[in-house]
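One structure below.
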Amino acid sequence: MARELVYTGFMSLDGVVDSPGGKEEGHRSGGWVMDTEFVPEAYSLKGEELADHTALLFGRRSYEAFAPFWKDSDDHAAYKDLPKYVLSSSLKEEELVEGWGETTILRSLEDIAALKQTEGGAIFIHGSAEMARNLADADLIDRYNLLIFPVLLGAGKTLFSRADRDKQQLRLRESASYSNGVTKAIYEVLR
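Here our numbering is used: the first residue of the sequence shown is 6, the next is one more, and so on.
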């Protein structure tokens, strides 16, 4: 049985995943997650996911943004001992962040397809919108764990490709809505 590849993230109602944490991430409206009233139960998905994580997958830019911060973060301590994979055609071994556990560089979508065929549990993608679009177009993503925020950003990196492709059917596995307008939607990709 193949390992499940899961995209998890925050998304605006119009599909933008760009810069949820702050303007320094690049989007002029960055920090849009912080502009939504904090309701703890709206973020419970993130805690629930920790039990499912057996590996992490990043694109290069997301790895370079998250790894230096997450390696010393108490909120992300559980990630330290998990195997981590970075998809990059140019990242060098000596550029990997020290002190954050085992990290393997993958060079192609074929490498990710092969990784999915190995033993182990779910592999989670955090951030990495461009990589996730490419993985979805290659039919490699199995599930989407989304927290959808009540904001329209109009522009920015989107999770889903606008390319003309075959229809992909999803099944809603779980959903909830919260008093701050955030909606949790967990979709499985049907094949």
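Each residue gets a CB set at the ideal place from its N, CA and C atoms; glycine is no exception.
Per DSSP, cross-strand counterpart(s) of residue i
i	result
H58	A127
G64	L92
T41	In DSSP, T41 forms no bridge with anything.
Integer Cβ distance of residue i from residue j, believed to fall under 8 Å
i	j	result
I130	L10	7 Å
V194	L175	6 Å
G161	V21	4 Å
L120	L111	7 Å
G52	K85	Their Cβ separation, rounded to whole angstroms, is 17 Å, which puts G52 and K85 out of contact at 8 Å.
A127	H32	Wrong, their Cβ atoms sit about 28 Å apart, outside the cutoff.
Y12	I146	6 Å
DSSP three-state assignment for residue i, whether helix, strand or coil
i	result
R148	strand
M16	strand
A83	helix
K189	strand
E69	helix
R196	coil
F154	strand
For residue i, the first and last residue of its enclosing beta strand (DSSP E)
i	result
A7	Looking at the DSSP string, A7 is not in any beta strand (DSSP E), and its letter there is neither H nor E.
Y90	K89 to L92
R112	Looking at the DSSP string, R112 is not in any beta strand (DSSP E), and its letter there is neither H nor E.
E179	L175 to S182
Terminal residues of the alpha helix (DSSP H) in which residue i lies
i	result
E202	The requested residue 202 does not occur in the structure, where the chain is confined to residues 6 to 196.
R138	A134 to D142
Status (buried if at least 16 other CB within 10 Å, exposed otherwise) for residue i
i	result
D23	buried
L62	buried
K172	exposed
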